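Under my numbering, think of the first position of the sequence shown as 3, with each following residue one higher.
All C-beta atoms, glycine included, are put in the ideal place defined by N, C-alpha and C.
Quick caveat: nothing in here was measured; it's all calculated off a predicted structure.
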Amino acid sequence: MVSGFFITFEGGEGAGKSTQIERLASKMRAKKYEVLVTREPGGSPGAEAVRHVLLSGAAEPFGPRMEALLFAAARSDHVEQVIRPAVERGSIVLCDRFMDSSRVYQGVTGGLDPAFMGALEKVAINGMVPDMTLIFDIDPAEGLRRATARRGTDAGADRFEKETLDIHQRRREAFLAIAAAEPERCIVVDASADPDTVENVVAGAVFAALETMTPRQRKQAPG
């Protein structure tokens with residue numbers, strides 16, 4: 003049995019996830035919750051070692067299947083070294099991207115077989131399904147504009163930001179499809195609103211969930 007709570011933040015580029023994670027963490031700490039903020043790829047020493055390889059595109063020559071294996075290896079280390087111990091000691095874990103990003107980025111737009119991706123996910127998360135997933139929805143063109151403004155014109159885009167608008171639109175649709183398929187876990191947040199409005203929506207949803215939270219065994223991912 004566990005008493006912590008695991009929340010993931012998902013969505014396309016420039017949706018404002020990172021900003022909202024920090025705002026939510028501040029609100030929760032003010033209410034005396036023990037909060038751990040983490041991210042993927044990365045979040046643990048082993049996974050951080052893989053992060054640059056994945057985001058820089060250095061793994062691309064090895065092909066999409068090998069890249070998906072690297073993401074899964076990083077996630078497995080992150081889950082076992084960071085996320086699971088934190089949840090089991092009663093912490094609220096806020097994670098910037100998790101399994102749904104792999105479903106969308108490597109599965110849907112990466113063209114990998116759903117059965118292959120499902121098998122990787124099962125091994126990587128080892129039952130550590132999020133209690134709540136907030137999917138930040140924004141028009142891809144606006145998201146990319148925000149991402150460019152955030153990093154500055156002198157800094158280069160990462161490999162995912164460089165992809166075509168059509169690919170970003172497909173990812174948006176894939177995230178929304180996940181939300182529709184798993185409404186008990188996923189909440190769609192209108193990320194086009196101003197940051198203060200988004201902050202209030204996110205905090206309202208999370209605190210409402212925490213009020214009804216009861217310790218429970220970690221559930222398995224669907225399918």
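Note the first and the last residue of the continuous alpha helix (DSSP H) segment covering residue i.
i: residue 91; result: Looking at the DSSP string, residue 91 is not in any alpha helix (DSSP H), and its letter there is neither H nor E.
i: residue 215; result: Neither: residue 215 is in no alpha helix (DSSP H) and is coded neither H nor E.
i: residue 84; result: First-last for residue 84: undefined, no H or E at that position.
i: residue 140; result: Element bounds for residue 140: n/a, residue is neither H nor E.
Nearest to residue i by CA position, among the options, is which residue?
i: residue 56; options: 88, 77, 144; result: 77
i: residue 67; options: 140, 82, 117; result: 117
i: residue 147; options: 190, 194, 124; result: 194
i: residue 95; options: 38, 151, 178, 204; result: 38
i: residue 200; options: 15, 87, 23, 181; result: 23
i: residue 46; options: 87, 198, 61; result: 87
i: residue 124; options: 102, 140, 54, 144; result: 102
i: residue 11; options: 183, 145, 100, 51; result: 100
Going by beta carbon distance, what residues of the same chain come within less than 7 Å of residue i, once the five residues before and after it are set aside?
i: residue 210; result: none
i: residue 20; result: 98
i: residue 142; result: 14, 167, 170, 171, 174
i: residue 179; result: none
For residue i and residue j, what's the separation of their Cα atoms in angstroms?
i: residue 107; j: residue 173; result: 7 Å
i: residue 127; j: residue 44; result: 14 Å
i: residue 212; j: residue 112; result: 35 Å
i: residue 73; j: residue 185; result: 25 Å
i: residue 137; j: residue 63; result: 30 Å
i: residue 109; j: residue 115; result: 7 Å
i: residue 187; j: residue 175; result: 17 Å
i: residue 30; j: residue 120; result: 33 Å
i: residue 42; j: residue 59; result: 16 Å
i: residue 204; j: residue 71; result: 32 Å
i: residue 79; j: residue 48; result: 7 Å
What are the boundary residues of the beta strand (DSSP E) that residue i is part of?
i: residue 189; result: 188 to 192
i: residue 112; result: Counting along the chain, residue 112 falls outside any beta strand (DSSP E), and DSSP gives it neither H nor E.
Using a Cβ-Cβ distance cut-off of 7 Å, determine whether residue i contacts chain C.
i: residue 124; result: The chain labelled as chain C is not found in the depicted structure, where only one protein chain is given.
Within the same chain, show all residues whose beta-carbon is closer than 6 Å to that of residue i, passing over the 5 residues directly before and after it, in chain order.
i: residue 104; result: 73
i: residue 6; result: 89, 92, 93
i: residue 133; result: 7, 8
i: residue 208; result: none
i: residue 140; result: 17, 193, 194
Can you check DSSP and say which residues form a bridge with residue i?
i: residue 9; result: 96, 134
i: residue 39; result: 96
If I measure Cβ to Cβ from residue i and keep anything under 8 Å in the same chain, skipping five residues before and after, which residues do I get?
i: residue 81; result: 126, 127, 128, 130
i: residue 225; result: Confidence at residue 225 is low in this model, with a pLDDT of 48, below 50, so the placement of that residue is unreliable and no value is reported for it.
i: residue 215; result: 7, 133
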